[in-house]
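Residue 5 is where the sequence shown starts when you use this note's numbering, and the numbers rise one by one after that.
Positions of the beta carbon are idealized from the N, C-alpha and C atoms, including for glycine.
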Amino acid sequence: MSTQLDEYLEAEIQSLLTDGRIAELGITVHRREHQLVLGGEVESPLRRDEICRQINSRFPDVEIVCDIGITRADAPSEVEEIS
Numbered sequence: 005m006s007t008q009l010d011e012y013l014e015a016e017i018q019s020l021l022t023d024g025r026i027a028e029l030g031i032t033v034h035r036r037e038h039q040l041v042l043g044g045e046v047e048s049p050l051r052r053d054e055i056c057r058q059i060n061s062r063f064p065d066v067e068i069v070c071d072i073g074i075t076r077a078d079a080p081s082e083v084e085e086i087s
């Protein structure tokens, strides 16, 4: 059985992203042709991989593209000059 890509599936995934297990408010879900794309930024590659793993395991029949970036959390390495 194939899972239908619609606004209900998007809303279900968005709900999982914001619940207590994942708790990421900055991740978006968009339909693109026959895929769902997760976007946004998180603090580490491990966090991104865990989010993608949880969503893929919950929806194995859906093609999920994990386009989640990593936020730079380190202090700047150079001084910003303001003129």
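- Assignment of E28 by DSSP, reduced to helix, strand and coil, places it in the coil class.
- According to DSSP, residue pairing for E45 in a beta bridge involves G73.
- Between the segment 37 to 49 and the segment 68 to 82 there are three or more inter-stretch CB-CB distances shorter than 8 Å, so the stretches are counted as touching.
- Look at I86 here: in three-state DSSP terms it is coil, with no helix or strand label.
- Its chain contains I26, Q58, I59, R62 as the residues whose beta carbon lies nearer than 8 Å to that of L20, once the 5 sequence neighbours on both sides are disregarded; these appear in chain order.
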